[in-house]
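Student: With our numbering as the guide, the letters of the sequence shown map in order to residues 81 to 358. Below you will find the structure I want to go over with you.
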Amino acid sequence: MNRTCNNEEKNKPLTLSQQDYLKGLRRQQNRIRAIRILIFVLFLLLWETAVRAGWIDGFIFSSPSRIVKTFLTMWNDGTILAHTGITLAETLISFALVVLLGVGCAVLLWYSNTLSEILEPYFVILNSLPKSALAPLLIVWLGANLKSIVVSGISVALFGTILNLYTGFREMDPDKIKLIYTLQGTKKDVLLKVILPGTLPLLISVMKVNIGLCLVGVVIGEFIGAREGLGYLIIYGSQVFKLDWVILSIVILCAIAMLLYAVLNLLEKKCMRQRLSR
81 MNRTCNNEEK NKPLTLSQQD YLKGLRRQQN RIRAIRILIF VLFLLLWETA
131 VRAGWIDGFI FSSPSRIVKT FLTMWNDGTI LAHTGITLAE TLISFALVVL
181 LGVGCAVLLW YSNTLSEILE PYFVILNSLP KSALAPLLIV WLGANLKSIV
231 VSGISVALFG TILNLYTGFR EMDPDKIKLI YTLQGTKKDV LLKVILPGTL
281 PLLISVMKVN IGLCLVGVVI GEFIGAREGL GYLIIYGSQV FKLDWVILSI
331 VILCAIAMLL YAVLNLLEKK CMRQRLSR
């Protein structure tokens, strides 16, 4: 019955005031996008002009034209594609493991109050620890390989994920939980029918933060113990004064972060539409 009413409400034609309001929202969004693009273009023009006019040293600060030339050169020989692919793969592996381990550990803490009371202080301490301090130890323990870089990426995001999800699990609507128990449900039923579905928006929100954190952790690992990847390219480029490589790598890292965030943002919008349509 509720679904039928919802469908009828959706099919109602919009009034003129509603149409004007939606048009105003679209104009505002288009205006914001145009201003963003304009600011970015003006920044690039100012940067290029400053280098060509000699206001700043192009060798140290590079320039948009030099970055484009460097990108095309490294694209033709396959170098930049290889380094970017390695960093992206390491980030995605770290992110997938963070999601699996984070959800699994948060469920265990929620399932057992005793376990949560024992482990929660340790997770708080580990989450507060500067992760860059762990990277040299990971290289010594695991070696300068893919494993240490992936673990470095995991360490940056994992403990915050566990704490945030566990807090979200505990703050779920107690009335819904009581209803499950009243209907002779078990704790497993509460988890599958209330906790996990109810905290899906929180999970996606945490994922949007974690994808950037995993990228940061991977780059930290590549700084110390890699021979491939954008982090290695940044360190090597700074050592041999190939600063065009350094800035190009930073630009690509920004593009990767924006792309991954946009994908998760689309996933969040899709989930929200599905929840509203129910």
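Ideal placement from N, C-alpha and C gives every residue a C-beta, glycine not left out.
Should L347 go down as buried or exposed, given a rule of 16 or more other Cβ atoms within 10 Å for buried?
Tutor: Within the sequence shown, the letter at position 267 stands for residue 347. Answer is exposed; the Cβ neighbour count stays below 16.
Student: How would you call F239, buried or exposed, if buried means at least 16 neighbouring beta carbons within 10 angstroms?
Tutor: As a first step, residue 239 must be located in the sequence shown, where it is residue number 159. Flag for F239 reads buried.
Student: For S145, which residues from the same chain have a beta carbon less than 7 Å from its beta carbon, with the 5 sequence-adjacent residues on both sides left out?
Tutor: What you label residue 145 is simply residue 65 of the sequence shown in a count that begins at 1. The answer, listed in chain order, is E128.
Student: Run through DSSP, which three-state label would V320 get?
Tutor: Sequence index remark: in the sequence shown, residue 320 carries index 240 (1-based). Coil, per DSSP.
Student: Report the rounded CA-to-CA distance for V131 versus D324, giving the unit in angstroms.
Tutor: The residue given as residue 131 occupies position 51 in the sequence shown. The residue given as residue 324 occupies position 244 in the sequence shown. Each residue's Cα considered, the two are about 13 Å apart.
Student: Relative to the C-alpha of S232, which residue among N244, K288 and G305 is closest?
Tutor: On the sequence shown, position 152 is the one that residue 232 refers to. For S232, the nearest C-alpha among the options comes from G305.
Student: For the putative contact between G182 and T95, defined by C-beta atoms under 8 Å, what is the C-beta separation to the nearest angstrom?
Tutor: Counted from its first residue, the sequence shown places residue 182 at position 102. Counted from its first residue, the sequence shown places residue 95 at position 15. With 8 Å as the limit, G182 and T95 do not qualify as a contact, their Cβ atoms being about 45 Å apart.
Student: Would DSSP call I136 helix, strand or coil?
Tutor: What you label residue 136 is simply residue 56 of the sequence shown in a count that begins at 1. Residue state, collapsed to three classes: coil.
Student: Let me know the secondary structure DSSP gives D269 once reduced to three states.
Tutor: Stepping through the sequence shown from its first residue, residue 269 is reached at position 189. Helix.
Student: What is the rounded straight-line gap between the Cα of K268 and the Cα of L195?
Tutor: Working through the sequence shown from its first residue, we reach residue 268 at position 188. Working through the sequence shown from its first residue, we reach residue 195 at position 115. For K268 and L195, the distance between alpha carbons rounds to 17 Å.
Student: M352 to P281, Cα distance in whole Å?
Tutor: Counted from its first residue, the sequence shown places residue 352 at position 272. Counted from its first residue, the sequence shown places residue 281 at position 201. Using only the alpha carbons, I get a separation of about 8 Å.
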